[in-house]
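Since the structure comes first, as structure tokens, the remarks are kept for the end.
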Amino acid sequence: MIISVASGKGGTGKTLIATSLAFSIGENVQLLDCDVEEPNSHIFIKPQNKKTETVAVMVPRVDESLCDYCGKCSEVCEFNCIVVAKQKVLIFDNLCHACGGCVLFCPKKAIREEKREIGKLETGDRDGIRLVTGILNVSEAMAIPVISAVKNKTDKNKTVIIDSSPGTSCPMVAAVKGSDYCLLVTESTPFGLYDLSLAFEVVKKIGLPAGLVINKYDSGFGELEEYCKKVGLPVLLKIPEERKIAEVYSRGENLVEVFPEYKSKFIELFERIRK
Ligand code: SF4
Ligand code: SF4
Numbered sequence: 002m003i004i005s006v007a008s009g010k011g012g013t014g015k016t017l018i019a020t021s022l023a024f025s026i027g028e029n030v031q032l033l034d035c036d037v038e039e040p041n042s043h044i045f046i047k048p049q050n051k052k053t054e055t056v057a058v059m060v061p062r063v064d065e066s067l068c069d070y071c072g073k074c075s076e077v078c079e080f081n082c083i084v085v086a087k088q089k090v091l092i093f094d095n096l097c098h099a100c101g102g103c104v105l106f107c108p109k110k111a112i113r114e115e116k117r118e119i120g121k122l123e124t125g126d127r128d129g130i131r132l133v134t135g136i137l138n139v140s141e142a143m144a145i146p147v148i149s150a151v152k153n154k155t156d157k158n159k160t161v162i163i164d165s166s167p168g169t170s171c172p173m174v175a176a177v178k179g180s181d182y183c184l185l186v187t188e189s190t191p192f193g194l195y196d197l198s199l200a201f202e203v204v205k206k207i208g209l210p211a212g213l214v215i216n217k218y219d220s221g222f223g224e225l226e227e228y229c230k231k232v233g234l235p236v237l238l239k240i241p242e243e244r245k246i247a248e249v250y251s252r253g254e255n256l257v258e259v260f261p262e263y264k265s266k267f268i269e270l271f272e273r274i275r276k
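For what it's worth, the numbering used here labels the leading residue of the sequence shown as 2, then goes sequentially.
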């Protein structure tokens with residue numbers, strides 16, 4: 002089973018929930034950290050025996066001795082990554098989606114492709130959990146190839162938990178797509194509610210069953226649960242807003258390790274998702 006953990010809003014505690022779920026299931030679990038711009042599951046998991054591999058994309062390189070500056074490559078590039086000047090072809094690597102279109106359409110066969118590193122994967126283990134972390138290099142714009150590289154490591158013999166990027170744009174969609182269930186995480190604030198409503202719309206459009214964890218739960222903010230009732234989003238777990246939990250989080254410790262009473266709550270959560 003593949004469970005993605007997503008939140009419309011950053012800072013809701015999505016990673017705390019993903020890692021606590023992984024720790025509670027305890028064995029034969031794979032945690033895929035697809036929040037590649039700011040991956041932090043490793044802080045809670047503390048994996049050992051780490052192995053690293055690079056993630057690269059193919060980008061075009063022009064042999065100007067063959068080029069006649071016809072401009073065809075610039076015309077076909079949907080992403081405006083190639084500019085053909087009078088006697089020069091400029092390529093903006095950071096914008097390139099590595100689609101290969103320019104290579105295909107160059108009438109002079111003047112374009113070849115070259116590998117360009119944009120990030121890396123780190124794999125490590127701890128207590129029955131295999132953590133795969135995607136890390137996008139600083140200043141790179143293309144998160145999707147790194148997310149795809151992480152997801153290519155999916156081991157279907159394990160329970161897979163995906164820690165997605167926050168928000169509702171392409172990286173979030175790429176992370177949650179293909180999972181069996183999406184666990185949304187929010188907090189009891191108007192901002193949390195607004196961003197949750199956007200994330201739930203995306204999840205519905207993708208066609209995934211979904212449930213909600215309310216972190217930093219405050220019973221005084223009733224609008225959140227009213228919304229859930231109205232749209233039919235089941236609330237599976239509430240974690241109260243408590244200083245001792247915030248302190249554990251800020252020290253990079255795991256909730257279920259410090260407060261074992263939460264383990265049974267997360268196992269119950271997992272069973273409800275499975276059903
Ligand atoms: S399409 Fe080929 S020949 Fe034409 S400008 Fe681009 S690289 Fe040069
Ligand atoms: S590979 Fe695709 S995105 Fe990259 S420069 Fe060529 S046409 Fe544009």
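All C-beta atoms, glycine included, are put in the ideal place defined by N, C-alpha and C.
Nearest-angstrom Cα separation, counted from residue j out to residue i
i, j, result
"Gly120", "Cys103", "24 Å"
"Leu33", "Phe93", "30 Å"
"Glu262", "Gly11", "26 Å"
"Glu243", "Glu272", "26 Å"
"Val186", "Asp196", "10 Å"
"Gly221", "Ile215", "13 Å"
"Glu65", "Ile83", "14 Å"
"Tyr250", "Ala23", "16 Å"
"Asn255", "Leu213", "20 Å"
"Gly193", "Lys157", "33 Å"
"Thr155", "Cys74", "36 Å"
Cβ-Cβ distance between residue i and residue j below 7 Å
i, j, result
"Cys68", "Lys110", "no"
"Ile230", "Glu188", "In the sequence as presented, Ile is not what sits at residue 230; that position holds Lys. No, the pair does not count as a contact, with Cβ atoms beyond the cut-off."
"Val60", "Glu115", "yes"
"Gly72", "Val90", "no"
"Ala175", "Ile145", "yes"
"Asp164", "Val30", "no"
"Leu137", "Glu38", "yes"
"Val151", "Gly168", "no"
"Ile268", "Ser25", "yes"
"Phe106", "Val77", "yes"
"Val56", "Val147", "yes"
"Ile3", "Asp181", "yes"
"Asn41", "Thr20", "no"
"Leu270", "Leu238", "yes"
"Ile46", "Leu184", "no"
"Gly129", "Glu258", "no"
"Ser166", "Asp36", "yes"
Residue from the options whose Cα sits closest to the Cα of residue i
i, options, result
"His98", "Ser170, Glu141, Arg275, Glu65", "Glu141"
"Lys51", "Phe93, Gly27, Leu122", "Leu122"
"Arg275", "Leu105, Leu194, Ile162, Leu96", "Ile162"
"Asn81", "Leu96, Gln88, Tyr70, Lys87", "Leu96"
"Lys178", "Ile18, Ala211, Ile246", "Ala211"
"Glu332", "Gly9, Ile3, Ile4, Gly14", "Residue 332 is absent from the structure shown; the chain starts at 2 and stops at 276."
"Arg113", "Cys100, Met173, Thr20", "Cys100"
"Lys245", "Glu227, Ser149, Asp36, Phe260", "Phe260"
"Arg127", "Gln49, Glu79, Asn158, Glu202", "Gln49"
"Gly125", "Thr190, Tyr228, Thr53, Gly223", "Thr53"
Beta bridge counterpart(s) of residue i as assigned by DSSP
i, result
"Arg117", "Val58"
"Gly135", "Leu122"
"Val6", "Asp164, Leu184"
"Val30", "Ile130, Thr160"
Beta strand (DSSP E) segments (min. 3 residues) lying fully within the stretch 47 to 111: 49 to 63, 83 to 85, 90 to 92
My parser needs the beta strand (DSSP E) runs of 3 or more residues fully inside the stretch 204 to 241; what are they? 211 to 218, 236 to 241
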